[in-house]
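Working notes, beginning with the structure itself.
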Amino acid sequence: MTELQTKPETAPSLATAPAVDPQPPLAEALPLAVVVDEKAVVPTAPVVPVEETKALVVVEKEKIPDPVPVHKKGSLDRDIALAEVEKEKKLSYVKAWEESEKSKAENKAQKQLSAVAAWENSKKANLEAELRKIEEQLEKKKAEYGEKMKNKIALVHKEAEEKRAMVEAKRGEELLKAEELAAKFRATGTTPKKHIGCF
1 MTELQTKPET
11 APSLATAPAV
21 DPQPPLAEAL
31 PLAVVVDEKA
41 VVPTAPVVPV
51 EETKALVVVE
61 KEKIPDPVPV
71 HKKGSLDRDI
81 ALAEVEKEKK
91 LSYVKAWEES
101 EKSKAENKAQ
111 KQLSAVAAWE
121 NSKKANLEAE
131 LRKIEEQLEK
141 KKAEYGEKMK
151 NKIALVHKEA
161 EEKRAMVEAK
171 RGEELLKAEE
181 LAAKFRATGT
191 TPKKHIGCF
């Protein structure tokens with residue numbers, strides 16, 4: 001017993017049994033072409049020869065579509081072409097919209113420019129009319145002032161003539177008075193009391 005206790009306990013050994021895989025072993029994978037060839041063989045209806053001679057029958061293999069759906073070249077090209085058409089359609093819409101917007105902007109700018117030009121012409125016409133009015137008023141005032149000045153000049157001339165006439169009249173009176181006094185002094189033989197000059 002002591003031997004049993006000193007020896008480590010080991011599991012009872014089974015007869016050398018191979019380990020069991022949880023999955024059964026798969027058969028060797030055959031190339032895909034072989035598998036397809038095996039499935040693709042479908043006998044066609046035998047061709048009956050016209051003569052009763054034995055002839056070889058040609059069996060054509062049907063093509064089986066691939067298990068994974070892949071776009072065929074024709075549908076892929078069609079999708080690409082449709083995408084191109086859609087893209088061109090969008091681009092043409094964008095171009096038409098752009099042209100329309102540019103046309104609208106151009107028309108709006110032209111309308112605003114013509115409005116500015118009309119406003120400018122209107123203001124210029126108003127200012128030119130006002131200038132003509134002021135010029136007419138100035139001409140009228142100039143004529144009025146000219147007339148007033150002429151009237152004043154005529155009045156001054158008239159007053160000057162009157163003053164000349166008065167001076168002439170006074171001179172004539174003084175000459176006459178001097179002649180009368182001189183005649184009186186000569187008649188009486190007296191001399192004037194006031195001496196004129198160096199007498």
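Reminder that position 69 of the sequence shown reads as 69 in UniProt numbering, one-by-one numbering, no gaps. The beta-carbon is built from N, C-alpha and C at its ideal position, and this holds for glycine as well. Remember, it's a predicted structure, so these values are computed and weren't measured experimentally.
Run through DSSP, which three-state label would residue i get?
i: Gly189; result: coil
i: Lys95; result: helix
i: Lys194; result: coil
Assuming contact is defined by CB atoms lying nearer than 8 Å, are residue i and residue j in contact in what I supplied?
i: Pro192; j: Leu181; result: yes
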